[in-house]
Structures are given as C-alpha cells and as structure tokens.
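Residue 135 in UniProt numbering is what sits at position 135 of the sequence shown, and the numbering runs on without skipping anything. Glycine included, C-beta positions come from ideal geometry on N, C-alpha and C. Values in this document were obtained by computation on a predicted structure and should not be read as measured data.
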Amino acid sequence: MPDESKIPDFFNIPFDDDDRWMEYINAVRDYCFEGMIDVDFVAQESEVREWYHMPWMHWGPQGSEGFNGLAKEAQISPYQLTPEQKNPHQTYALGYYNEFAGYTLGQMWKDADNPDAYATQNPKGFPVGTVIYKLLYTDADETEVDYLVNPMTRKAYVTPTWNDGQDTGRVVKDMHLIQMDVMIRDPRADKYGTGWVFGTFCYNGKLNNGKTGSMRAQNLVPVGIQFGNDEQDTTNFINPYPPTETIVNPNLKETKINPNKEELPPQHLGWGGRLDGPVDLNNASCMSCHSTAEYPQAAALVPAEAFEGIKKPVKPGSKDSVLVKLTNTEAAAFKKYFTNIRCGTPYSEGTTSCDFSLQVSLALGYFTEWKNDNVEGYWYKEYERSPLEMHRKGELKASVDETLNK
C-alpha cells in the first residue's frame with residue numbers, strides 16, 4: 001500500500017463547493033497528465049508516478065487491440081454528438097490506475113490462476129487515494145463532429161464498425177480522442193453515500209492553439225463532476241439527440257456542470273441533467289452506470305426502463321427518432337439505478353462488488369471465459385460463479401440463481 005504522503009494534493013480542494021469544484025476537477029486532470037503527456041501516455045515510461053492497466057482486457061472478440069491496448073466500448077448512435085453526425089460510430093478506450101488502485105489490483109491478481117473477486121468488496125475495495133482515468137477514442141472525425149478538429153489520434157486495430165468484426169476481422173483505423181473519464185476514491189464523498197467522485201471531459205480541438213501530438217490532450221475541457229445520483233430529484237427529462245445546447249438542471253445537488261459555453265461543446269448529459277459524457281447515453285449517468293459493476297455482471301449497465309418513453313423525430317419528416325422523456329421511472333429497477341450505493345457494495349444479490357469499476361467486472365468475466373474454454377476441470381472450485389454476459393439493456397438470458405446453480 002502506498003504511503004499516505006502520496007495522496008494527491010487536490011484532496012484538499014472541496015469538490016462540492018460551487019465556486020471550487022472546477023479547481024478540483026482541473027487539478028485531477030493535471031495529476032493524470034503529469035509525466036504522461038511527455039511519454040505519449042505510455043504508462044510504464046512515466047517517471048513521475050506509477051500507473052497501471054487492468055489485466056485481462058485482451059480476451060475474446062470484444063478484447064483490446066494490440067497497438068495501444070484500446071478496448072471496445074459503447075456504440076455512438078446517429079446524431080448523438082452533433083446535428084451533422086448522421087452515421088453511427090464506435091468507441092475504444094484505455095484505463096489508467098494509480099498506485100493506490102494498483103495495490104488493489106495486485107491483491108486481486110497476485111494468484112494469477114485464481115483472482116480474488118472479493119478484493120474490491122467491503123471491507124476491502126479501492127483505498128482512499130485511488131485515481132482512475134480513462135481516455136476514450138472514436139472513429140468519428142471533424143467531418144461530422146466539428147469539435148474533433150485538430151485531433152489527438154491513435155492508430156488502432158479495431159472492428160470496421162461497432163457491429164462488425166467477430167466474423168469479418170479487424171482493420172487499422174485512425175481513432176480520435178473524444179472524452180476522458182476520471183474516478184477518485186475521496187473519503188469526503190462518503191457523506192453522500194457513495195465514496196467516489198466522478199468527472200468527465202470533452203475534447204475540443206477548436207481550442208488547440210498550436211498544440212501537437214500528445215500535448216493535444218490539453219484540449220480536454222471539463223463537462224462536470226458527480227458525487228451522487230441526486231435521489232431526491234425526479235425531474236424527468238432527456239436532452240434529445242442531437243444536442244444543440246447543454247441544459248443544466250439547477251435542482252441537482254450532486255452533479256455540477258461546466259457553464260462555459262465558449263469552451264464546452266453542447267452536451268446531452270444524462271437523465272434529468274446528471275453528469276454524462278458525449279459518448280455516453282443520455283438516459284443514464286456516470287455514477288449510476290458504474291454502480292452496477294459486479295461479478296458476475298448480473299445487472300444491466302442501463303436498465304430496460306431507461307429505454308421506455310416518448311420519442312420524437314430527429315427533425316421534421318425524419319424517419320430517425322430519439323427519446324425525449326421516459327415513461328416508466330417509477331419502476332423499482334429504475335429507482336434503484338439512481339440511488340446512492342456505497343463503494344464496495346454489491347449491486348445485485350448473489351454477486352460481489354467491483355467497487356464501481358466496470359473494467360474489473362469485464363476482466364474477471366474474460367478470465368473466467370478463458371478458463372472455462374482452456375482448463376475446465378482443473379480448477380473446479382472456480383465454477384461456483386460463472387460469468388454472465390455484460391449487457392446494456394433488456395432481459396437477462398439467465399437469472400443469477402440459474403447461473404450460480406450451474
């Protein structure tokens with residue numbers, strides 16, 4: 001475990017202060033960038049502090065690609081980013097874990113044949129001082145998304161489109177930085193019932209001002225910060241695609257949004273104006289989605305009720321329609337999705353908590369799939385908890401009980 005002296009200085013900045021939260025989130029960004037921009041974000045070459053990646057993100061058809069270790073994430077729907085974005089696109093991402101988070105990963109994976117799925121559950125879990133950040137890249141470009149001009153680009157070995165690749169193979173594509181997410185295990189967030197602070201940034205190449213290469217990561221500007229799900233607020237609206245302005249919900253107390261329209265491109269945000277990034281869904285939130293992280297992944301990352309609602313055409317006469325309001329927000333599953341769940345607490349009965357880290361959930365699932373395929377019968381005790389396919393909506397293919405009984 002790292003010494004407490006390595007806890008970042010920004011833990012002294014009040015993240016829930018209306019006048020200082022921006023100072024906090026920008027200090028987090030500077031902490032993540034220090035020593036990493038200089039080495040083009042190659043973690044093992046940093047001379048400032050230790051950064052680690054999640055093991056076992058490489059396995060299976062959804063696994064990470066080989067150039068930069070980018071792992072496939074969600075699809076970007078048409079019009080999700082701008083009115084000019086008429087085509088769907090894909091997202092790939094790479095996560096970085098500081099030395100506090102690295103300690104927990106080390107405890108989980110110290111026996112490489114038998115990872116400890118309880119390492120991220122109370123009374124364990126990621127320790128105070130943990131900082132996790134993720135850089136997200138898309139194959140969309142400035143022809144459809146104007147703020148992706150002057151891009152920070154990676155070549156990546158990815159699927160041709162989000163739906164292709166398992167049978168047709170991968171291709172080399174330019175992927176452009178579009179978003180950065182951060183998670184901080186800050187003890188001051190305990191009073192909000194979560195223990196975590198989330199932040200999201202959007203790339204804006206219009207602010208480039210001569211920057212080149214990895215220095216262009218500095219074009220990431222804060223979207224906002226979130227340290228709870230505002231359980232008390234049931235304002236039922238969705239800022240529909242395409243976003244033409246960032247609609248701020250003034251009733252939210254645990255989400256704070258960047259009001260600077262000059263630096264932040266229009267954002268759709270999440271349900272009721274909660275924090276969400278540009279490539280995330282507008283019917284969820286950063287914290288609600290990550291609170292479902294568990295092993296096996298029994299819960300949907302976004303419940304089915306979040307897709308039940310009133311739709312309207314993208315524009316008059318268009319065949320494409322988008323959600324503008326949900327109609328089943330009183331359902332128990334939907335209410336649970338927007339409650340504050342304490343760090344290290346399982347979301348679903350019969351699972352263990354991955355402490356808000358969806359990459360932990362994926363990694364444990366991929367590892368178990370590999371083990372089932374390759375050494376089944378040698379480690380029979382491991383099959384008490386077979387993985388469920390991670391899914392974003394819809395009904396489970398099998399209940400948790402059915403899976404555990406296998």
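For M287, the enclosing alpha helix (DSSP H) stretches over residues 286 to 291. With 16 or more neighbouring CB atoms inside 10 Å of its own CB, F356 falls in the buried class.
E4 and P160 have their alpha carbons spaced roughly 45 Å apart. For secondary structure counted as the beta strand (DSSP E) over 3 or more consecutive residues, the segment 188 to 222 holds these complete runs in sequence order: 196 to 203. Residues T120, A293, E294, Y295, V360, S361 of the same chain have their beta carbon placed closer than 7 Å to that of C354, with the five preceding and five following residues left out of the count.
Between the segment 136 to 151 and the segment 65 to 85, the count of Cβ pairs shorter than 8 Å is three or higher; the stretches touch. In this model, E349 and I341 are separated by some 14 Å (Cα to Cα).
In the displayed model, L364 falls within a helix according to three-state DSSP.
Secondary structure of I7 (DSSP, three-state): coil. Counting along the chain, the unbroken beta strand (DSSP E) around R154 starts and ends at 153 to 158. Excluding its 5 nearest sequence neighbours in each direction, N249 has C-beta neighbours in its own chain below 6 Å: T235, G272, G273, listed in chain order. By the Cβ criterion, the segment 111 to 128 is not in contact with the segment 29 to 48, since fewer than three pairs of Cβ atoms, one from each stretch, lie closer than 8 Å.
Contact between the segment 202 to 213 and the segment 45 to 64 is absent: fewer than 3 CB-CB pairs across the two stretches fall below 8 Å.
Q226 is bridged by DSSP to F198, T255. Counting the other CB atoms within 10 Å of its CB gives M175 a total of 16 or more, which places it among the buried residues.
Rounded to the nearest whole angstrom, the C-alpha separation of V197 and A140 is 29 Å.
Ranking S288, P313, T329 by CA distance to the CA of L301 puts S288 first. Minimum Cα-Cα distance from M215 among the listed residues V223, I225, N204 corresponds to N204.
Between the alpha carbons of D276 and N372 lies a distance of about 36 Å. Under DSSP, E294 takes part in a beta bridge, and its partners are S353.
Counting the other Cβ atoms within 10 Å of the Cβ of D16 gives 16 or more, which makes it buried. In the same chain as G129, and ignoring 5 residues on each side of it, the C-beta atoms closer than 6 Å to its own belong to I7, F100, in chain order. V221 places its beta carbon 8 Å or farther from that of T200. DSSP lists I132, F198 as the bridge partner or partners of M183.
Selection K335, I225, R170, A298 evaluated against R20 yields I225 as nearest (Cα-Cα). Distance from the Cα of L323 is smallest, within the candidate group F307, F227, K336, for F307. Just measuring C-alpha positions, the residue of Y24, N87, F10 sitting nearest K256 is Y24.
The DSSP-derived three-state label of V39 is helix.
In this structure, E84 sits away from R170, with a CB-CB distance that is not shorter than 8 Å.
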